[in-house]
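Written out below as structure tokens is the structure these notes cover.
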Amino acid sequence: ASGTPPNPQIFFCIACILKDFNLTLRSIMDEKNIPIRTYQVCNVMEPNQNNWLRTHWIRRGPAQRIYIEIKFTLRDCNSLPGVIGTCKETFNLYYLESDSDNERYAHESRFEKIDTVAADESFTQVDIGDRIMKLNTEVRDVGVLSRAGFYLAFQDVGACIALVSIHVFYKKCPLAVRNLAQFPDTVTGADTSSLVEVRGSCVNHSEEQEVPKMYCGADGEWLVPIGNCLCNPGYEERNEQCQVCKVGYYRSLSSDGGCRKCPLHSYSTKEGATSCDCDKGYYRSETDPATMPCPPSAPHNLISNVNETSVLLEWSPPITSGGRQDLTYNVVCKQCVRDMQRCTPCGDDVRYSPQRLSLRSTRVSVYQLQAHTNYTFQIWAVNGVSKHSPSLEQATSITLTTNQAAPSTVMMVQSKDITRHTLSLFWDEPEKPNGVILEYEVKYYEKDQNERSYRIVKTTSRSADIKDLTPLTSYVFHVRARTAAGYGEFSAPFEFSTNTGGCRVHMCLFERSKYSQTKQAEEKNLQPGVRIYVDPYTYEDPNQAIREFAKEINTSCIKIEKVIGIGEFGEVCSGRLKLPGKREICVAIKTLKAGFTEQQRLDFLSEASVIGQFDHPNIIHLEGVVTKCKPVMIITEYMENGSLDMFLRKNDGRFTVIQLVGILRGIASGMKYLSDMGYVHRDLAARNILVNSNLVCKVSDFGMSRVLEDEPEGAYTTRGGKIPIRWTAPEAITYRKFTLASDVWSYGIAMWEVMSYGERPYWDMSNQDVIKAIEEGYRLPPPMECPLALHQLMLECWMRERADRPKFSQIVNMLDKLIRNPATLKRTAGDASRPHPSTLHHAPSEGSAPSLGSVDEWLKTIGLEQYRENFSTAGFCSLESVLPMSHEDLGKMAISCSAHQRKILSSVQELLSGMHHRQDTKVPV
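Okay, here's the thing in structure tokens:
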């Protein structure tokens, strides 16, 4: 990694004295008793020493930063008897830049100091007698150099020193070949941390697949190879070079492996062949090597078995295979009118099992034909060279007529006019009635009974009135149709609930989807029809999860531009993605470093299996993965403004309250989406929120996330690992139980971070102090200029009981109300500095209803004084106005916490009871 000196003959063999200088060129013996030449000075007996030694002019060449290796010996001042002057154990190193050798008599003041050099080892007179030479080696660097050359100078200020050698050099990345691209000797950058981008050139007989690049690091090491070259057809890669294919071998495409021996019945007569010529009488298809020439004869013994609108076709193989082993069958389907003279190809809705083309077996099932219709089927036997010798006898055919068939499945069932005991159902006719619909059958049962006890209603219309139902009960309904051919299959389950009287209830639809999704929805007690999260760690083969949830991207669509960081598994880069038919976009690219194990690969890609299941504007979006070549990559959208906490710190005080509430609303919307999927994040914090150029915030970093386990409380128990104490709910810290409610607690901390512009929660308190303070009921105070309504929402997120915390859907609604009514954000909770834990805000404690005359005093007594503004804005200014209050009134006042609602209404009832008691005893209110 070292370049040759800019001027090879200067190894400090040539020097001159700048001024009157008591320096002597001498020969001494080194530790191996070999004479060496040194410059020596030892004027320690005289004061005010200022001795200089300068090199000749040294040409800089391509170097922008040079390194000076100095080897010297130095006498210990304590070993010098009778020193009169001031003895030193250091000397100074200087340099002067110049475009030519015309500064040899420059004054010392024009030289710039590089460093003061001290010795690691010094010697004494005894050492000299024992011939123990203590040689010191020190290296210093200087840059950025811009002139054509430079001088080096050494100043002695009173030391006993001998300069043995000076080695001046610069660093470079050596000639290298990576991925069949050659990178030249490259001098390192001027800065000690700079990276020099170098484009490589393909080696002989190769071509670029992707522009090859590497970065030359400051230490002379090549970093981050990007792109590659491929050997031209007729050549193969060997020892980082493209070697020609020998006679009798070939290589057709640059994307092929190594040179291959010519197949049977083919040959090549020269080196570098891209294909082999067939022997006389043999043919080659576009996809196959040399083969036998003749096509197969036709299949025979074709028979059919018709079952309503399906048919099973079976046949025997051809008598003659054509001398090849690649025999396959193609199926041609035609639909014909009654006279069988006019036939047209079957439509795309016809299905074949296992497939229509390139069949290996001698049977195929054909589904979704039309009832009472004539069809002709042809079975063609083909091989790789059939087109070179076409024959009309390659196919055999059969004509048949389908039967009357049962109708297809009813797809959509809806309800109307729901009362306590009745409801009406209606539906569309099946997509394929396959005849005249004679009647419909409706099967229904109570959801909790799971079909053990069901009832049947039959009707000739596409609707039915269901009566004698139980109020406030969920029922599951299935509908099927009947023709003369019999009943079709029952529809997917549709769930409806009766109510308490005339109000229409929400319809829940079970989507017609895979059984596994329906089953998981039942097991998790989630609303049917809602997309649910699937934990990739539950897959027996993790690669299946990756294939299912992450799209594979061709590396030709990706352009890596620069390295922006180092991740746990490798470099993180920014770049561009251009998919066919789409515009080019900026992306972030995580790469997996070389030498990974299979487990590291799966761990790396597991993040993509998680993110790939999400589709929401406030969740980081996965573009896809690269798994079929190296480096393995995860590609996500690029978030220009980085993490939210750093972004807020850089822009402290620059946003309006409404803008900050908008940020909070975006985060809450993303978390609502995750919670609707039954997904617990477990590490929600401002550092894990990313911000794009439009200031849209997106939830990211799903490293600690897991799907909710199948348990009543919906909690996830960690298997060890660190927990972010300052952001974690107390039950999650104590019992490692993570739920959607613990995510709500973390959201409250994230709210506090946003309103304080990235302040560290609980400041410099230790984790143990934080745990103790929370356990004692203390909560974070409002940040400076934080609206009271927002701090009230934070306190609700930090309720001790999980059930008392709001849901993310309620949080989104509450923030929407605040945005629509900005006047509610004007009242602030006051300034907050960094208080001691004892001065932190105390969570409300239970209390009884008072007998006071003002609303403010009453709220203070029951520990809910944070709602004073809510009551005042809504017009509740006296206790008399509070008495008729209801749940609906509290909801309109944006008091959504159920525990607080219960507490307020309970206190109101006590006020009423107290007032009645006072009236009975004739005590004035």
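Mapping to the numbering used here: the sequence shown position 661 is 1402, numbers consecutive. Glycine included, each C-beta is placed from N, C-alpha and C at the ideal position. Values in this document were obtained by computation on a predicted structure and should not be read as measured data.
Would residue i pass as a contact of residue j if the rule is Cβ separation under 9 Å?
i: Tyr-1274; j: Tyr-1420; result: yes
i: Pro-1212; j: Arg-1161; result: yes
i: Ile-1207; j: Val-1198; result: yes
i: Val-1373; j: Arg-1342; result: yes
i: Tyr-911; j: Arg-806; result: yes
i: Val-1328; j: Glu-1364; result: yes
i: Gly-1489; j: Leu-1536; result: yes
i: Thr-779; j: Val-905; result: yes
i: Val-1495; j: Ile-1404; result: yes
i: Phe-1167; j: Ser-1149; result: no
i: Phe-1235; j: His-1219; result: yes
i: Glu-838; j: Gly-899; result: no
i: Arg-1541; j: Ser-1483; result: no
i: Asn-973; j: Ser-1007; result: no
i: Val-1623; j: Pro-1547; result: no
i: Val-1553; j: Lys-1439; result: no
Please return the same chain residues whose Cβ sits closer than 6 Å to the Cβ of residue i, not counting the five positions on each side in sequence.
i: Gln-896; result: Trp-793 and Asn-833
i: Asp-1090; result: Gln-1109
i: Leu-1521; result: Trp-1493
i: Leu-1646; result: none
i: Asp-1597; result: Arg-1609
i: Met-955; result: Phe-924, Val-939, Trp-963 and Pro-966
i: Ala-1136; result: Ala-1039, Gln-1119 and Trp-1121
i: Glu-1180; result: Lys-1199, Thr-1201 and Arg-1223
i: Cys-901; result: Cys-783, Val-785 and Arg-816
i: Ala-1146; result: Glu-1049, Thr-1050, Ala-1112, Asn-1175 and Ala-1226
i: Phe-1443; result: Val-1351
i: Thr-1662; result: For Thr-1662, the predicted structure reports a pLDDT of 38, less than 50, and the residue's modelled location is therefore unreliable. A value from the coordinates is still provided. The answer is none, since no qualifying residue turns up.
i: Lys-1300; result: Gly-1316 and Arg-1317
Taking residue i as the reference, which of the options has the closest Cα?
i: Asp-1018; options: Tyr-836, Val-1078, Arg-1546 and Tyr-990; result: Tyr-990
i: Val-944; options: Cys-957, Ala-917, Pro-776 and Leu-936; result: Ala-917
i: Thr-1397; options: Gly-999, Ile-1560 and Val-988; result: Ile-1560
i: Arg-1065; options: Ala-1225, Pro-788, Pro-1037 and Gly-941; result: Pro-1037
i: Phe-1118; options: Arg-1097, Arg-1324 and Arg-1101; result: Arg-1097
i: Phe-1388; options: Gly-1411, Leu-1415 and Asn-1429; result: Asn-1429
i: Leu-1346; options: Leu-1401, Tyr-1278 and Gly-1322; result: Tyr-1278
i: Lys-1513; options: Asp-856, Leu-876, Cys-986 and Ala-1470; result: Ala-1470
i: Lys-812; options: Glu-951, Asn-1295, Ile-1515 and Val-858; result: Val-858
i: Gln-1354; options: Ala-1291, Val-1402 and Leu-1320; result: Ala-1291
i: Lys-1478; options: Pro-822, Leu-1401 and Arg-1423; result: Arg-1423
i: Asp-840; options: Arg-881, Tyr-1195 and Trp-798; result: Trp-798
i: Ala-804; options: Ile-1139, Ala-959, Ser-1416 and Glu-951; result: Ala-959
Kindly list the residues whose CB is nearer than 8 Å to the CB of residue i, restricted to its own chain and excluding five residues on each side of it in sequence; keep chain order.
i: Val-1437; result: Pro-1358, Asn-1359 and Gly-1407
i: Tyr-1280; result: Ala-1286
i: Ser-993; result: Pro-974, Thr-1015 and Ser-1016
i: Asp-1393; result: Tyr-1498 and Gly-1499
i: Lys-1011; result: Val-988
So, for residue i: in the same chain, excluding its five sequence neighbours on each side, which residues have a beta-carbon less than 7 Å away from its beta-carbon?
i: Arg-1467; result: Ile-1490, Pro-1502, Tyr-1503 and Val-1511
i: Asp-817; result: Ser-863, Phe-864 and Thr-865
i: Glu-1381; result: Asn-1433 and Ser-1434
i: Leu-1141; result: Ser-1045, Val-1047, Val-1052 and Tyr-1116
i: Tyr-1379; result: Ser-1315, Cys-1327, Val-1328 and Ala-1329
i: Pro-1563; result: Ile-1399
i: Thr-1163; result: Asp-1206, Ile-1207, Lys-1208 and Leu-1210
Report task. Can you check the region 1588–1656 for any alpha helix (DSSP H) of at least 4 residues that lies completely inside it and give the ranges in chain order? Result -> Runs found: 1596–1602, 1609–1615, 1620–1623 and 1628–1633.
Query raised in the report: Hey, which unbroken runs of the beta strand (DSSP E) at 3 residues or more fall wholly within the region 1289–1375?
Result: Taken in chain order, the complete beta strand (DSSP E) segments of 3 residues or longer contained in the region 1289–1375 are 1299–1307, 1312–1318, 1326–1332 and 1363–1367.
Query raised in the report: Of all the alpha helix (DSSP H) runs that stay within the bounds of the region 831–879, which reach a length of 4 or more residues?
Result: Here the runs fully enclosed are 866–870.
Report task. Entirely within the region 933–984 and at least 3 residues each: give me those beta strand (DSSP E) ranges in chain order. Result -> Runs found: 937–940, 947–957, 963–972 and 976–979.
**Report entry** Uninterrupted beta strand (DSSP E) stretches inside the region 1372–1454 (no shorter than 3 residues)
**Finding:** The beta strand (DSSP E) runs lying completely inside the region 1372–1454 and spanning 3 residues or more are 1374–1378, 1430–1432 and 1438–1440, given in chain order.
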